[in-house]
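S.K.:
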Amino acid sequence: MATMASYALYILEEENSNLRRLQTSLDEPNELQLRQYVERQIKRLLSQSGFVITTQLSESSPDSMCYLSTLDSKPESEICKQKFIVCFVDNDVEKHLDSYPYPSSLINFNTDSLTLPKDTTFILESWYMECVHYINRCVKIFGDDLAILIHAALFNTSIKIDVSVESNDNSQLSTDIERFLLAGSITGLIYTDNMQEVSTENNNSRDFFDAKDINLTIHESGYKFSSKVTNTACTKWAEIITKDESDSSFRLRQHLEDMKLKTVQEMNILKRIITQAHRSYYDLYRAYLYLVKCGNADVILKHLYNGSTNESDENTKDIIIILKETYLNNDFMNNN
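Taking the numbering used here, I'd label the letters of the sequence shown as residues 38 to 373.
#1: Could you tell me the boundaries of the alpha helix (DSSP H) in which T91 lies?
#2: Roughly how many angstroms lie between the CA atoms of L210 and E257, to the nearest whole one?
#3: Within 7 Å of any Cβ in chain C, is that where the Cβ of Q60 sits?
#4: Using CA atoms only, rank isn't needed, just tell me which of K265, L360, L321 is closest to D335.
#5: Please determine, among I223, N67, F125, T194, the residue with the shortest C-alpha to C-alpha distance to V266.
#6: From S62 to R72, what distance separates their C-alpha atoms?
#7: Grouping DSSP H, G and I as helix and E and B as strand, with all else coil, what is H340?
#8: Within 8 Å, do at least three Cβ pairs link the region 306–319 to the region 213–232?
#9: Could you tell me which residues DSSP pairs with T61 in its beta bridges?
#10: Classify L462 as helix, strand or coil using the three-state DSSP reduction.
#11: What is the rounded straight-line gap between the Cα of L321 and the Cα of A184?
#12: Could you give the residue range of the beta strand (DSSP E) that holds T254?
#13: Which one of T269, Q60, P66 has the shortest CA to CA distance from P154?
#14: Opposite G259 in the DSSP bridges: which residues?
#15: Is it right to say L328 is buried, meaning 16 or more other beta carbons lie within 10 angstroms of its own, or is it exposed?
#16: Put S286 into one of helix, strand or coil per three-state DSSP.
#17: Buried or exposed: where does Y47 fall if 16 or more other Cβ atoms within 10 Å of its Cβ makes it buried?
#18: Measure the Cβ-Cβ separation of C103 and V126 and say whether it is below 7 Å.
#19: Closer than 6 Å by C-beta to Q93: which residues in its own chain qualify, once you throw out the five before and the five after it? Chain order, please.
#20: Given that a residue counts as buried once 16 or more other Cβ atoms are within 10 Å of its Cβ, and exposed if not, what is N67?
#21: DSSP on N231, reduced to helix/strand/coil?
#22: Among E96, S95, R81, which residue has its Cα nearest to the Cα of V89?
#23: With DSSP as the reference, identify every bridge partner of M296, one or two as the case may be.
#24: Are there 16 or more other CB atoms within 10 angstroms of the CB of Q302, so buried, or fewer, so exposed?
#25: Return the chain-ordered list of same chain residues with a C-beta closer than 6 Å to the C-beta of A190, the five sequence neighbours on each side being excluded.
#26: Please report the straight-line C-alpha distance between E65 and S84, rounded to a whole angstrom.
#27: Measure from the alpha carbon of A248 to the alpha carbon of each residue in Y260, K197, Y228, L226, then state which is nearest.
#28: Alpha carbon to alpha carbon, how far is F262 from N252?
#29: Quick one: what's got a C-beta closer than 7 Å to I277's C-beta in the same chain, skipping five residues either side?
#30: Please report the residue range of the alpha helix (DSSP H) in which I223 lies.
#31: Could you check how far apart the C-beta atoms of A275 and G332 are, in whole angstroms? I think they sit under 8 Å.
#32: Counting along the chain, where does the beta strand (DSSP E) carrying K197 start and finish?
#33: So what's L153 in DSSP terms, helix, strand or just coil?
#34: Drop a sphere of 10 angstroms on the beta-carbon of S171, count the other beta-carbons inside from all chains shown, and report buried for 16 or more, exposed for fewer.
What follows is the structure, given as structure tokens:
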């Protein structure tokens with residue numbers, strides 16, 4: 038039976054679309070069954086690399102999820118004309134493996150023989166801990182400060198990481214943070230392929246809707262953020278995640294997905310109220326009350342503003358700026 042997390046790496050013989058095993062952690066019967074499944078996906082792999090199939094490696098084993106991707110060797114490799122196919126296998130079919138980032142260090146890897154370099158073997162063997170458990174590590178290290186990462190992810194704030202002491206653990210933490218920010222971003226949900234997030238036109242608006250980069254210094258005794266900007270909603274989501282005692286990476290990831298869905302829903306609700314506010318001061322007040330209630334005002338207003346790219350959206354932009362000014366002024370008054 039396949040282990041909880043396994044892998045297989047193949048060389049693709051394109052002339053006959055056969056796979057030749059290069060390295061695997063599966064036993065022979067399971068590997069053979071997996072290879073047969075993957076060979077049926079060759080045509081799709083050559084046109085769409087990076088997807089998940091469900092397989093059953095033996096009659097007595099449960100269904101498994103398998104993430105498939107093609108890899109190209111570097112030009113200097115003696116077998117550079119051949120493609121490689123990597124398969125990551127997990128026995129839990131409820132896990133959405135296609136939503137996780139996979140080791141970019143495998144892309145264009147270099148091998149000039151049928152023996153893999155030790156670093157490539159290590160990446161393959163540690164793929165599950167590397168690609169799935171990054172959320173657990175961030176939760177453990179940052180605790181309540183996870184709210185800062187959540188806000189940075191939702192707001193698209195760049196975090197510049199300064200590692201004062203080079204170590205494998207610190208390098209791993211840098212990678213984990215990057216993956217966490219990617220997992221928590223809603224950019225892919227609200228901006229289409231032909232509509233990227235736009236910059237604001239004037240300095241006043243830029244001050245409202247753009248955040249300064251956050252510097253994160255990692256040192257021997259811990260870490261330090263240069264800014265701890267967050268909001269009520271992000272703090273609540275951080276509490277939900279840090280108080281989850283299941284220790285399941287997939288449960289934690291689902292909390293992030295729920296957070297993103299909730300944010301998009303709040304954006305859509307506010308957008309409808311703002312449309313009504315074009316004709317009614319009362320609806321403008323309703324929009325303000327909704328922002329106060331949701332606790333995620335800066336994130337929602339920023340993305341609504343940057344999503345208003347047409348000339349017909351000028352009234353919407355003006356209303357968003359008014360809402361932001363009112364929210365900032367009242368927030369200042371309440372804190373003084």
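Just so you know, even glycine gets a beta-carbon here, dropped at the ideal spot from N, CA and C. Since this is a predicted model, take the numbers as computed values, not measurements.
M.R.: Inspection of the coordinates gives the following:
#1: From DSSP, T91 is part of no alpha helix (DSSP H) but of the beta strand (DSSP E) over 88–92.
#2: 13 Å
#3: The chain inventory of the structure shown lacks chain C, comprising one protein chain alone.
#4: L360
#5: T194
#6: Going from the Cα of S62 to the Cα of R72 covers about 13 Å.
#7: Residue state, collapsed to three classes: helix.
#8: no
#9: A45
#10: Summary: the structure shown does not reach residue 462, with the chain confined to residues 38 through 373, and so no result is reported for it.
#11: 29 Å
#12: Its beta strand (DSSP E) spans residues 251–256.
#13: Q60
#14: H256
#15: buried
#16: helix
#17: Buried: at least 16 other Cβ atoms inside 10 Å.
#18: yes
#19: D100
#20: Counting Cβ neighbours within 10 Å, N67 comes out buried, since at least 16 surround it.
#21: Confidence at N231 is low in this model, with a pLDDT of 49, below 50, so the placement of that residue should be treated as unreliable; the coordinate-derived value is given next. Residue state, collapsed to three classes: coil.
#22: R81
#23: DSSP lists no partner for M296.
#24: Result: exposed.
#25: Only L218, G221, S222 meet the Cβ criterion.
#26: When rounded, the separation of the alpha-carbon atoms in E65 and S84 is 29 Å.
#27: K197
#28: A straight line joining the alpha-carbon of F262 with that of N252 spans about 6 Å.
#29: H292
#30: Counting along the chain, I223 falls outside any alpha helix (DSSP H), and DSSP gives it neither H nor E.
#31: So it is not a contact: roughly 12 Å between Cβ atoms.
#32: 196–200
#33: coil
#34: Reading off the sequence, residue 171 comes out as Tyr, not Ser. Flag for Y171 reads buried.
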